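Undergrad:
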Amino acid sequence: MKELTVILYAGGNNRLSTDLSIPKCLLSIGNRPLIWYNLQIIQSHSSLSSSPLLILTSGQYRQVLDDYLSTLNITYEIIIYRQYHESTTDDQKQTEDKLGTLDVLHSCYFRIRTE
């Protein structure tokens, strides 16, 4: 089986951002931060939950993101990427250049249940 590395893009600055003090991934959807739903998908699949988890973010969000993630029972590495990017697609291209090859799985939510 192919070795996987899970990469979550977790906040940065782009042309669509509003003036936020926290990364978009920590905005509440229902009663949970958006990133929580992605982490649940990762943890529910054995091949993903046993893979290294890289969280890419900008320097300004590192502390608040680390504060939240440290409350969860997960192993992760935060990587400071760039302060400004045009799009997530741009970041994927640069990540592919850095890691060699990159297979990307995007998760889409049609409905998120709140508990």
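Residue numbering for the sequence shown follows numbering that gives the first Met the number 0, beginning at 0 and increasing consecutively. C-beta atoms are modelled at their ideal positions from N, C-alpha and C, and glycine is treated no differently. Given the structure is predicted, the values throughout are model-derived calculations rather than measurements.
1. In whole angstroms, what is the alpha-carbon distance linking S43 and V5?
2. Is I54 near Y75, with beta carbons less than 7 Å apart?
3. E114 to E2, Cα distance in whole Å?
4. Cβ of C24 within 7 Å of Cβ of L33?
5. Can you find the residues in the same chain that come closer than 6 Å, C-beta to C-beta, to Y80, ignoring five residues on each side of it along the sequence?
6. Given I73, which residues of its chain have a CB within under 7 Å of its CB, disregarding the five upstream and five downstream residues?
7. How far does the alpha helix (DSSP H) with L33 in it extend, from its first residue to its last?
8. Who are the near neighbours of S50 in its chain, counting only those whose CB is closer than 7 Å to its CB and skipping five residues on each side?
9. Check whether chain D comes within 7 Å of L26, counting only Cβ atoms and requiring the distance to be less than that.
TA: Looking at the atomic coordinates:
1. As a working note, residue 43 is residue 44 in the sequence shown. As a working note, residue 5 is residue 6 in the sequence shown. Whole-angstrom Cα-Cα distance: 13 Å.
2. Here residue 54 refers to the residue found at position 55 when the sequence shown is read from its first residue. Here residue 75 refers to the residue found at position 76 when the sequence shown is read from its first residue. For I54 and Y75, yes; Cβs fall inside 7 Å.
3. One-based indexing of the sequence shown puts residue 114 at position 115. One-based indexing of the sequence shown puts residue 2 at position 3. The predicted model places E114 with a pLDDT of 43, which falls under 50 and marks its position as unreliable; any figure quoted below should be read in that light. So the alpha carbons of these two residues sit roughly 34 Å apart.
4. Taking the first residue of the sequence shown as position 1, residue 24 is located at position 25. Taking the first residue of the sequence shown as position 1, residue 33 is located at position 34. Cβ distance < 7 Å, so C24 and L33 count as in contact.
5. Within the sequence shown, residue 80 is the residue found at index 81, counting from 1. Cβ-Cβ distances below 6 Å link Y80 to L55 in the same chain, with the five nearest sequence neighbours on each side left out; the list follows chain order.
6. Position 74 of the sequence shown, counting from 1, holds the residue named residue 73. Short of 7 Å from the beta carbon of I73, and not among the five residues preceding or following it, lie these beta carbons of its own chain, in chain order: L38, L52.
7. Taking the first residue of the sequence shown as 1, we reach residue 33 at position 34. 33-43 is the span of the alpha helix (DSSP H), which, as asked, contains L33.
8. In the sequence shown, counting from the first residue as 1, residue 50 sits at position 51. Counting only residues of its own chain and dropping the five nearest sequence neighbours on each side, S50 has a CB closer than 7 Å to the CB of L3, T4, V5.
9. The question asks about chain D, but that chain is absent: this structure has only one protein chain.
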